[in-house]
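Numbering (the numbering used here), first residue to last: 961 to 1033.
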């Protein structure tokens, strides 16, 4: 389980809550100004001892999350 800790004054300004993508990936968007946001991505990557299929699925899912962020494209 993942969690993000934020100062109280930031929490009141949030427009999007934490969004779990999977048990290993979570995102949160924080407003910076009227039209600008910071997207925080918290990840817990599979270790090297995990099967290659698990690692590949994780990185494919992470790539999908990153492609959905407008300034990352």
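C-beta atoms are modelled at their ideal positions from N, C-alpha and C, and glycine is treated no differently.
Strand pairing of residue i, partner residues [DSSP]
i, result
"residue 1001", "987"
"residue 980", "986"
Proximal residues to residue i (C-beta, below 8 Å), its chain only, five neighbours per side dropped
i, result
"residue 1033", "Only weak support exists for where residue 1033 lies, its pLDDT of 48 falling under 50; the value from the coordinates is given anyway. Excluding positions up to five away in sequence, the list reads 1027."
CB of residue i within 7 Å of CB of residue j, strictly
i, j, result
"residue 999", "residue 984", "no"
"residue 1006", "residue 1015", "yes"
Close beta carbons around residue i, own chain, < 7 Å, minus the five adjacent residues each side
i, result
"residue 981", "987, 1021, 1025"
"residue 1029", "999"
"residue 1019", "none"
is_contact[residue i, chain D] using C-beta, thresh 7 Å
i, result
"residue 992", "In the displayed structure, chain D is absent; only one protein chain is listed."
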